[in-house]
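Asker: Residue numbers (numbering that gives the first Met the number 0), protein chains in the order written: chain F, 0 to 1042; chain D, 0 to 117; chain S, 0 to 300. Yeah, the Cβ is synthetic: ideal placement off N, Cα and C, and Gly gets one too.
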Amino acid sequence: MSALYIIAVGLGSAFVLGMLNERQKNLGYVITLAALTVMSAISAQWLIIFAATGAHPIDIFTAGTQPPFAINLRMGVIESALTLLISLTGLLSAIHMGNALVARGRRAMAVLVIAIMALCGIVLTRDIFNLFVFFELIVIATGGMVLLSDDERAVSAGFKYLIVSQFISVLLLIGIIFAYHATGTLNIDGMAEQGASAFALAFFLMFIAVIAELKPFPANGWALDIYESSHPGFSAIFSAATGTAVLFAVDKLLLIGGAEWFPVASGVGIVTFVGANLLALPQTNDRRLLGYSSIAQTGLILTVLGQQDILGQNYLFIAGGLLLAHAVAKAGLYWLSDLVASRQLTAWAALKERPLLVFAFVTFVAMLCGLPPFPGFYAKWELAHALAAEGRMAMLALILFGALLEAGYLFRWFGYLIKRESDEKVVCSATQAIPVFAAVIAGWVLGFVWGELSVTRFGLNNLLLTLPLLFALSFLLIEWAPAWLKNTVAIGGMVAFFVMTYAEYDPLRLIFAVIFLIGGAITLLASYSAHGRRVGFYPAAMLMYAGMIMLIRTTDSFGFFAAWELLTVGSYFLILRGKESEPHALSYILFSLGGAFLILAGFALAASAVPPAPTFSLANLAALTAPVAPWVFVLLAVGFMTKTAAIGVHIWLPGAHAEAETDVSPMVSGILLKAGLYGLFVLLMAMGKQQLFGIELTHALLWIAALTALLGNLMAIFQEDGKRLLAYSSIGQMGYAVFGLALMNHLGWLMALMFVINHYIYKAMLFLSVGGVAKRTGTRDMYKMGGLITLMPLSFIATLIGIIAVSGVPPLSGFGGRWIFYNAIMTSDVRMPMVILFLAGPIAFLYLFRLIYTIFLGQLKDEFRRVKEAPFWIVLPQMIYVALLMIFAVFPGIALRRVDEYLNQFFPEGGLGWSGNEITSAYGYWNPVSIMIIICVIFGVLLAWLMFVDRKAQKVKQFNIVFSAEAPYRPETTHFAWNFFAPYRKALGFLVLPLATMFWGTITGLLHTGADIARRFYTGNGQTYAFHFLLFVIVAYAIRIGF
Amino acid sequence: MAHLAMATGFLLILIGAWGALTNRNLLRMIVAFTIADTGVNLVIIAVGYMRGRTAPIIDGAVSAADAVTRIIDPVPQALVLTAIVIGVGVTALMLAYTYRLFEKKRSLDIRDYTDLKG
Amino acid sequence: MSFDWMKIPYSLLTLFIVVNYGFLLNALIQKIGARVGRRHGIPIWQNYVDMIKNYGLRSSITHGVMFYLGPVFRLSGGVGLLLFVPTIYGSYMFSNLSFAGDLILALYFVFFGTLGMALGAGESGHPHAAIGITRGLSQMTAAELPFGLAVFSVALQYQTLSVTEIVAAQQGGILNWTLFTNPLAVTAAMLGFLGSMMRPPFDVVLAPQEIPIGPPTEYHSSYLALMQTNRAIFPVAKIVIYMNLFFGGADDWLTFCFKVFLIYLWSAFVGVVFPRFRVEQSIRWFLVWAVPLGVLSIVVV
């Protein structure tokens, strides 16, 4: 059917509706739906034709005459996609607004149909005046649709909108008439042939008028009021459909204007993107926030329109990906907002009882943030590479900054949804559910389509076809099953995948694969202790593991980045599950996304120097040369170090790891942190030493790592919360590992691997035992515990073994790490950072002793006298870890020997010698088996002696101690635990001032304050908004002249 | 003539814009917008005008054959017609809005309608 | 180097000599301290008497498993430390069990006893024990630092981590001793040494003059006997490391006794002159006076 029928059906049905009897409301509604369905069907039919055959666009002539003497419409693949998007949005919104439409009657329905028709008209028409007419139709239709709302304030919002629209149409008309005067045609293609230079001012007026319809920052107060107050069904159209149509109109105008107008579009777009996202930060009203977000997203796409000179063939892929992701997600969120009774963001907590709706929300937020596997992700990747290839790093930086702001408020919102309380009930009727889930399905389908496109166009990877991700997503389908069943499936899947792929890893990656898959499976044993269905846990956990395993299996930059984002998102959902973890999960995701953006920028920059873009083999990083290479190094290294929590970007870790659930903490600490280390391994393997401004970057890394180790350890000793103590300890341990890597010699890397293995085992074990204790006692404050050794002996043993291993005391495996460390630094020529690391070493004893003493030793409290040992499934993995630790302590060669050989290709010198049980280096030697035997023999003999001479020792009661000739009776006053290292704080407390926290706090504070000040310009007065608009036009023109 | 008409048109636009930005009264703002609209229409007409030609009506006086050389450009006039119609529509809508607003708050001052902001 | 069964009796011989020497040395040093304070002091065999008394005590209580194991850990730490380092240079007989590991092993094994002891004392539930431990650990982190730096400086200087090789490099005259080839490191180490000998001004951990305080508060009878044995072995074992690293080691037992005595005397010498520091004061003292020397020794070497 000809595309003209889209217009015809729209107009015709509006007429029919107008002629209906006032009481035939249901009939009217049926006609409305039918009309919109037909319009969608026509668009869909054309989309299929164009997509399948790749045919050229078809021109449709009217009035029996060729242009320029008559209006012509054009239907091509883009037009059909956009009209489909618009009319489907209209249809779904009509379904969504069913009650309101039927209540208001046929006129409202006619207005809706006209609005959709006009939006399609904007897309289809090739005539500039016709464009104006459709714009005016939309203004009038919008004016009508706004009144559908129950919100009284919508009336004033509509009036403000009309005021500004009047100004816009004056500018547009004047522009059109002078453009016509200059070119003698109203046909867009005709004007484009002549170029806009002859009528620059007239073009400017048209252009700025159309751009103004995109609600550019800061001239957009009127639009926000509409977003906030009108019916969410209409806001969905206003955001998704109107935005789409106007963007396409801008694209048409750019056809006339040519390349010299691209900077204007880019400039307005990027200011809008960053500005609107900034202003969205302090918003508390959900729909207004979505309005800001809509404006920001349109700004981003406008920026892309302005960058089309460098995007070439990828222009549509990028702009389309961003546009569809935005439209689908935003429409979905507006429809969803109707289910929430109150308008505060926190009221969305009402949704959390409905997993399907939460899933819908997650889908939409992920789409908006450009997370894999949605279209925005592929588009973001391509865009970053195109920008970097042309050296537009400033633009890339602004885009990424804006995206981070957006992620900030969206994920904060998601945090509210999951963690806040709401006593409102969510009632979800079928008519409200259909549009929302249609959008969800559309989102996933589009993700698949963009994945396929990325394969055929760029040779990237369709993430939705990768086995680990599919495995993770399949848990969404079995969410109804009990937790133990899902746990079994998860463990089985991970082990099976390891067995399947075992042979594919080189020795280095094998270590990581074992930790991620087998280690992950062992940790999951603890999850058997959970009851019920545990909705949301398994998809998140498996997403994280899928990301991690994809990370080590991929060889190209795209796969690496995609895996990185997946594991970040998965772990975020996991961390968010903790009781008090809302702010910490937010800070985790923000630091992680910030780091991911740096990685993206790094890869994009690297790809600009080592073709082939848009994805290159990671090994090609080695081919980079100055001046690009050091910058790539810095971007990637800082990105990876946000995951290893290097000092300065560490502030997310303590809260995130401490507040996570008992079985999640070992995953995110013992396993997840290794992803960052793996990234650094990959980076250093390929790039090695780099210099920037004469600074050896690996030396800078050494300093950062040493300070991380020192300050992480120092902060750990002052914690009262057991899990926080362990979390800070992780920061310190990661400092050691990064230090080893940055040493850039054979043993340094071996030491880093030693820490990778060790830290996984003992930190997972310690988190489980402390978590088990916290579970039983109901507190994580260690000073409230004490004397639990007899009640929880197995947890005590695990902790004891754990702290001996962490401290590096022989005979356990921590010593191996220290021994390799000393041998590694013997060959290094940088000495000062080592001094810091020396200082950090003994400090570990302080927090380790505190951990075990204040929990298990000392005085047992009355309220805990009946505490039982931790649940079996939490103890079992601990015992496995104890065994692993012992084996690794005695036979480190099992894991290290092959890697030692493997590292020879990077550092041929300085490897270890493995003769029998003895391990030798160029400087010293070490025999773990002998050490273990000797110590055990000495210990055993002395113990036997003591048991012989002291065989009649009598066990006494708790308070039977020499206490200044008194018997204490209150355990609380006798258990010395709170502020345990007071003297240490007096001496060195100044080192642990929370400077990093203050720094980041100040930055977010400034952003919020700035946004709050900017908000004051949005006075709510329609005249002020009109004034804003005129000012915007004048400033834009002034800047334009200045070009 | 054409220049005079165009100058008048722009003057009307400016008057209208000034009026819309300075008058607090909703009705006065609407009037200001109609003045601006008129100005725009005048400008369009002035742009299409050609000295010494006749109206673009093909009848006995002007035959279809020599219309190209004898009539003024008909397109702007057609545009004006459309613009007027649209202008009327928008004005009517604004008046309807004003009525609703007045019903609600008994005020015609735009400053009273700032419930939504920030 | 590797294991053979003869090492066991030889090591026991070393142990026997050191225990006896340690008993006598401890008493001697205490007596010297007393004499400086114009007191008569204990008889030289006092430690043997104490041992017999402690083993002979009939009352014996325990606060739990860790409490019971504490002294075992403590003494194992001392014995192990002694045996992981060759006592007499060039002697197969007294090379002990040093085949198991190098200097780093000894360095880290120092903490074995400390940690175990702290855990044992912790289970006694006595707050004084816990306070003593926090003080001890806090002070240790600062006091071990100059020593660690000096050790690393020496390892860099001789390019080896093997104790035997370090001693070998110092043979051939007193001027070859690290004391003269790397005075900065030795100075730093000797300042750090003061912090680990539990004598003034760094003895607030045990505070031996006041009411019972510190980790051993609750220990008595055979536990105390074990710990007392360790108190004889541990300082000597530690001094052996100092002697080997900085003072040319010992070729025979006579040199050994002499050097150990002199090094021990250094801490007694300082101890009788200075009053006691609080913990935070001693931490600052080590960081301000001893650590910079250690850093300098690393940079210069």
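With respect to the alpha helix (DSSP H) encompassing T21/D, which residues constitute its N-terminal and C-terminal limits?
Answerer: A1 to T21 is the span of the alpha helix (DSSP H), which, as asked, contains T21/D.
Asker: Can I176/F and L41/D be called in contact, C-beta distance under 8 Å?
Answerer: no
Asker: Taking the beta strand (DSSP E) that R73/F belongs to, which residues open and close that run?
Answerer: Its beta strand (DSSP E) spans residues N71 to M74.
Asker: Residues of chain F with a CB under 9 Å from the CB of G93/D: which are they?
Answerer: Rather than Gly, the amino acid found at residue 93/D in this sequence is Met. The answer, in chain order, is G142, F158, L161, I162 and Q165.
Asker: With a threshold of 8 Å between beta-carbons, can G734/F be considered close to chain S, or not?
Answerer: No, G734/F does not count as interfacial toward chain S.
Asker: Is it right to say N926/F is buried, meaning 16 or more other beta carbons lie within 10 angstroms of its own, or is it exposed?
Answerer: buried
Asker: Would you mind reading off the limits of the alpha helix (DSSP H) that contains G442/F?
Answerer: A429 to F457
Asker: In three-state terms, what does DSSP make of S920/F?
Answerer: DSSP places S920/F in the coil class of the three-state scheme, outside both helix and strand.
Asker: For a cutoff of 8 Å on Cβ pairs, would you count D224/F as touching chain D?
Answerer: yes
Asker: For L304/F versus D250/F, is the C-beta spacing smaller than 8 Å?
Answerer: yes
Asker: So which of V263/F, I77/F, L599/F and W260/F has the shortest CA-CA distance to T124/F?
Answerer: If we check each option's Cα against that of T124/F, I77/F comes out closest.
Asker: Whole angstroms are fine: how far does the CA of L310/F sit from the CA of A823/F?
Answerer: 48 Å
Asker: Leaving out five residues before and five after V138/F in sequence, what residues of the same chain have Cβ atoms less than 6 Å from its Cβ?
Answerer: S164
Asker: Starting from S914/F, follow the beta strand (DSSP E) in both directions and report where the run begins and ends.
Answerer: G912 to S914
Asker: With a cut-off of 8 Å, does the C-beta of P467/F fall near any C-beta of chain S?
Answerer: Chain S, which has no Cβ nearer than 8 Å to the Cβ of P467/F, makes this no.
Asker: Chain F beta carbons: is any one of them nearer than 8 Å to that of F15/S?
Answerer: no
Asker: How about S220/S and L56/S: do their beta carbons lie closer than 8 Å?
Answerer: yes
Asker: Please state whether DSSP places G131/S in a helix, a strand or coil.
Answerer: helix
Asker: Hey, which unbroken runs of the alpha helix (DSSP H) at 4 residues or more fall wholly within the stretch 125–165 of chain F?
Answerer: 127–145
Asker: Give the interface partners of F2/S over in chain F, defined as CB-CB distance under 8 Å, in chain order.
Answerer: S929
Asker: What does DSSP give as the partner residue(s) for I60/S in the beta ladder?
Answerer: Q953/F
Asker: With a threshold of 8 Å, are at least 3 pairs of Cβ atoms found where one atom belongs to the stretch 126–135 of chain F and the other to the stretch 229–238 of chain F?
Answerer: no
Asker: Any C-beta of chain S within less than 9 Å: which residues of the stretch 797–830 of chain F qualify?
Answerer: L799, I802, I803, S806, G807, V808, P809, P810, G813, F814, R817, W818, F820, Y821, N822, I824, M825 and R830
Asker: Suppose only complete runs of 4+ residues qualify. What are the alpha helix (DSSP H) ranges in the stretch 163–231 of chain F, listed by chain order?
Answerer: 187–193, 199–211 and 220–228
Asker: For S196/F, count neighbouring Cβ atoms within 10 angstroms of its own Cβ and tell me buried if that reaches 16, exposed if not.
Answerer: Around the beta carbon of S196/F, a 10 Å sphere encloses fewer than 16 other beta carbons of the protein chains shown; the residue is thus reported as exposed.
Asker: Just checking: is the beta-carbon of G1019/F within a distance shorter than 8 Å of some beta-carbon in chain D?
Answerer: yes
Asker: For K214/F, does the count of other Cβ atoms within 10 angstroms reach 16, so buried, or fall short, so exposed?
Answerer: Burial of K214/F is indicated by the presence of at least 16 other C-beta atoms within 10 angstroms of its C-beta.
Asker: DSSP three-state call for S691/F: helix, strand or coil?
Answerer: It is Leu, not Ser, that sits at residue 691/F in the sequence shown. Three-state result, L691/F: strand.
Asker: Using C-beta distances below 6 Å, list every residue in its chain close to A995/F, excluding the 5 sequence neighbours before and after it, in chain order.
Answerer: G647 and I650
Asker: To test your reading of the DSSP string, which unbroken alpha helix (DSSP H) runs of 4 or more residues are found completely within the stretch 230–272 of chain F?
Answerer: Within the stretch 230–272 of chain F, the complete alpha helix (DSSP H) segments of 4 residues or longer fall at 231–235 and 242–256, listed in chain order.
Asker: Would you kindly work out how many angstroms separate the C-alpha atoms of L80/S and G593/F, rounded to a whole number?
Answerer: 49 Å
Asker: My output table needs one value for I70/D: the three-state DSSP class, helix, strand or coil.
Answerer: strand
Asker: Within 8 Å, do at least three Cβ pairs link the stretch 255–267 of chain F to the stretch 184–200 of chain F?
Answerer: yes
Asker: Would you identify the three-state DSSP class for I646/F, choosing helix, strand or coil?
Answerer: coil
Asker: Distance cutoff 8 Å, beta carbons only. Does Y924/F sit that close to anything in chain S?
Answerer: At least one chain S Cβ lies under 8 Å of Y924/F.
Asker: What's the gap between the Cα of I703/F and the Cα of A843/F?
Answerer: 18 Å
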